[in-house]
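Residue 9 is where the sequence shown starts when you use our numbering, and the numbers rise one by one after that.
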Amino acid sequence: MDPNILTPQLMAAVIGAGPAGLFAARELANNGAYVFIFNRDIKPGGLAEYGIYPRKTKMKEGLRAQFRQLLATPGIEYYGNLVIGQNGDLTLDDLRGLGFRGMLVAVGAQGTKWLGIPGEHLDGVYHAKDLVYHYNQLPPYADMEFHIGKRVAVVGVGNVMLDIAHWLLEEQKVDEVIAVARRGPAEIKFDKKELESIVGYLDVPAVQMEIQRVTPQMLNLGQDPNNLRQLIADALDKAAPVNAGRGFRMQFLASPVRILSDSSGHVNGMEVEQTMLVRTANGETAAHGMGLYQTLDIDTVIFAIGDQVDSSLGLPTTGAEFTKNPQPRFPVEGSSYEVFDPAAGKPIEDIFVAGWARKASTGLVGLARKDGSNGAKALLQYLATLPPQPANIEGVRARLRALPKPLVTNADLVRLEQAERERAAALGVPDFKFDHNLEMLEVMGLIQPLVK
Ligand SMILES: Cc1cc2nc3c(=O)[nH]c(=O)nc-3n(C[C@H](O)[C@H](O)[C@H](O)COP(=O)(O)OP(=O)(O)OC[C@H]3O[C@@H](n4cnc5c(N)ncnc54)[C@H](O)[C@@H]3O)c2cc1C
Ligand SMILES: NC(=O)c1ccc[n+]([C@@H]2O[C@H](COP(=O)([O-])OP(=O)(O)OC[C@H]3O[C@@H](n4cnc5c(N)ncnc54)[C@H](OP(=O)(O)O)[C@@H]3O)[C@@H](O)[C@H]2O)c1
């Protein structure tokens, strides 16, 4: 046990080691709790490691350094390669049984969101999250096969769409990417900075015509069509170099209704319904179908419409998220971090949520970090209401050791990083990332050497 921790009275579990979980763990440990972090992936970082676009090497390295520091905080123990949930290695009830008096669930939003339209299950139709995990080399997605054609519709106009378009245009060398938006140019969610990486591929005349086409609707709603024009012009000023012969365009006011295939089951089109925008009671805009249909000539469809939480964790869900207590006992900055059981009509006392597990697909690393810290603050308020009880740290360790699989500790991660550096040097490349769990476990010395 860490000598700095004299007699810990509180033991807390943080489930998930993305930015939210890691910053939550530090907040808890700095305030007297002894923290066990349980993470599905071998490596910490979540989407910061396995979501952020691979070419953002500086940002990713900076975050890795920060995470290394967090994991070295006295009073934090990391266990990777451990899934919590109903079908996992341990359930939330198991953790309760081990003496955890409070748990912070920071598992992100691991489920995929779909529209439920015909054709979604065809080969050639994918969810962005699976592709993002694939190209960021997360096992087992790293090994999965995706059949990407030449003309790809990406549904959604957020930053994930841009990342996917980037990968399609540069790594998959597709001919054309069409970003399909159910609403208009005023409702795009992507940023200028992120657009710079692929704006050079943009078919500017086609997008200008598209903006022109939807201008009457925008003016009706008091929206300014020049905002997107300006954003594109600004991004073009800083456009990254591109390869000739590949194009990117956007189609607005188009809601997918059906994905079409040929007689052998290959995607050969997507039917979209033209929409019109209406102003809602809360001042937002909503897309209403107009009963007019068009078929886009594409051979692959990727949904970049956000994610939802994984209900197999064993917590109640509402929409894309875990259900939160509408009247929090321990609000932080006005938000509820408490899980609520609608069937029982009361909060699940000891379980708190933070990060994308609390608000699916919302915000950048900085926001997840803050949300993790705030979730920990809420949990600390709850823990302060409990009578002191010595933490059963050895009992937890013994149970973890008894699991029929190797778990990865912070010390093991140091060996993994060293092995990756050595492999990069041997291959003469700037960096190297293992993309199989068995290989990682082998180089950390946690399993017998694999027979090659
Ligand atoms: C494609 C993409 C690109 C992005 N690019 C950027 C960017 O460039 N800059 C930026 O600032 N932000 C970016 N973001 C946003 C950023 O990645 C998120 O805001 C942040 O990672 C969310 O943190 P989190 O901790 O809530 O969840 P996550 O990062 O998803 O972490 C969840 C963690 O929980 C673990 N876990 C999951 N299920 C279980 C389980 N059952 N048991 C135990 N552990 C579990 C996972 O292994 C993972 O480590 C991007 C997001 C995406 C999707
Ligand atoms: N490089 C980066 O900095 C980076 C990269 C990736 C992700 N991120 C961040 O990660 C978060 C998630 O990004 P995201 O792109 O997944 O989400 P997002 O920004 O919310 O965009 C989702 C897109 O999907 C559309 N959509 C949602 N439901 C739909 C439906 N039922 N039918 C049709 N379209 C639908 C949305 O349209 P409506 O608006 O009409 O709902 C929107 O265009 C964001 O905060 C983002 O900034 C950042």
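Cβ atoms here follow ideal geometry from the backbone N, Cα and C, with glycine treated the same way.
So residue i is in the alpha helix (DSSP H); what residue range does that whole segment cover?
i      : result
Ile401 : Ile401 to Arg409
Lys181 : First-last for Lys181: undefined, no H or E at that position.
Ile240 : Asn234 to Asp245
Gln302 : Careful: Gln302 lies outside any alpha helix (DSSP H), inside the beta strand (DSSP E) at Thr293 to Leu304.
Ile196 : Counting along the chain, Ile196 falls outside any alpha helix (DSSP H), and DSSP gives it neither H nor E.
Ile219 : Val212 to Asn228
Gly70  : Thr65 to Leu79
Met448 : Asn445 to Val451
Ala386 : Val373 to Leu391
Gln426 : Asn418 to Leu435
Tyr6   : Nothing about residue 6 can be read from this structure; the chain reaches only from 9 to 460.
Leu323 : Note, Leu323: premise wrong, no alpha helix (DSSP H); not H, not E.
Leu55  : Leu55 to Tyr58
Compare the Cα-Cα distances from residue i to each of the options and report the closest residue.
i      : options                           : result
Ala136 : Leu446, Ala161, Glu341 and Gln426 : Ala161
Val140 : Glu85, Thr120 and Ala114          : Thr120
Gly253 : Asp211, Arg287 and Leu123         : Asp211
Glu279 : Gly299, Leu304 and Glu292         : Leu304
Leu78  : Arg109, Tyr345 and Ala37          : Ala37
Asp138 : Ala150, Asp131, Gly127 and Leu130 : Ala150
Arg257 : His174, Leu408 and Leu229         : His174
Arg423 : Met217, Thr370 and Met448         : Met448
Pro355 : Pro336, Ala362 and Glu329         : Pro336
Arg48  : Pro213, Gly255, Leu98 and Met67   : Leu98
Pro213 : Arg237, Ser343, Glu195 and Ile125 : Arg237
Gly255 : Met284, Val451, Leu177 and Phe46  : Leu177
Gln420 : Ile455, Asp315, Glu346 and Leu244 : According to the sequence shown, residue 420 is Asp rather than Gln. Selected option, being the one with the closest Cα: Ile455.
Ile125 : Asn144, Val163 and Met19          : Val163
Ile313 : Met298, Val165 and Pro233         : Val165
Thr370 : Ala117, Ala80, Val416 and Glu450  : Ala117
Ala392 : Ala41, Pro148, Pro27 and Leu90    : Ala41
Lys413 : Pro82, Tyr87 and Ala243           : Tyr87
Glu341 : Thr288, Glu428, Pro457 and Asp379 : Asp379
Asn228 : Phe154, Pro148, Thr293 and Ala189 : Thr293
When DSSP labels each residue in this structure, what does residue i get in the three-state scheme?
i      : result
Gln282 : strand
His135 : strand
Ile13  : In this predicted model, Ile13 has a pLDDT of only 45, less than 50, meaning its place in the structure is not dependable enough to derive any value.
Arg357 : Here residue 357 turns out to be Glu, not Arg, going by the sequence shown. DSSP places Glu357 in strand when its eight states are reduced to three.
Lys337 : For clarity, residue 337 is Arg in the given sequence; the question names Lys instead. If DSSP states are grouped into helix, strand and coil, Arg337 belongs with coil.
Glu35  : helix
Glu329 : strand
Met169 : helix
Arg287 : strand
Glu204 : coil
Gly277 : strand
Glu153 : coil
Asp318 : coil
Gly363 : helix
Gly119 : strand
Val188 : strand
Leu98  : strand
Under DSSP, the beta strand (DSSP E) around residue i begins and ends at which residues?
i      : result
Val160 : Arg159 to Val163
Ile267 : Ala262 to Ser269
Arg257 : Gly255 to Gln259
Met111 : Gly110 to Val113
Gly88  : Ile84 to Gly88
Ala41  : Ala41 to Asn47
Glu346 : Glu346 to Asp349
Leu18  : Leu18 to Ile23
Val309 : Thr308 to Phe311
Is it the case that the CB of residue i approaches a heavy atom of ligand 4 more closely than 7 Å?
i      : result
Gln456 : With respect to ligand 4, the structure shown offers nothing to examine, as its ligands consist of ligand 1 and ligand 2.
Inset, instruction - Take every Cβ of the stretch 180-191, pair it with every Cβ of the stretch 89-103, and state whether three or more of those distances are shorter than 8 Å. - result: Touching, no, given that fewer than three Cβ pairs across the two stretches are closer than 8 Å.
Inset, instruction - Indicate whether the contact test is met: 3 or more Cβ pairs, each with one atom in the stretch 215-229 and one in the stretch 262-272, closer than 8 Å. - result: no
Inset, instruction - Count the C-beta pairs between the stretch 382-395 and the stretch 31-45 that are closer than 8 Å, then say yes if the count reaches three, no if not. - result: yes
Inset, instruction - Check whether the stretch 123-137 touches the stretch 269-278, counting contact only when three or more Cβ pairs, one atom from each stretch, lie closer than 8 Å. - result: yes
Inset, instruction - Pair every Cβ in the stretch 374-383 with every Cβ in the stretch 317-324, then say whether three or more of these pairs are closer than 8 Å. - result: no
Inset, instruction - Specify whether the stretch 390-405 and the stretch 52-60 touch according to this definition: at least 3 beta carbon pairs, one from each stretch, less than 8 Å apart. - result: Touching, no, given that fewer than three Cβ pairs across the two stretches are closer than 8 Å.
Inset, instruction - Give a yes or no on contact between the stretch 106-123 and the stretch 402-410, applying the rule of three or more CB pairs nearer than 8 Å. - result: Contact holds: three or more Cβ-Cβ distances are below 8 Å.
Inset, instruction - Evaluate the contact criterion for the stretch 239-251 versus the stretch 202-211: three or more CB pairs, one atom per stretch, below 8 Å. - result: yes
Inset, instruction - Evaluate the contact criterion for the stretch 283-303 versus the stretch 152-171: three or more CB pairs, one atom per stretch, below 8 Å. - result: Segments in contact, no.
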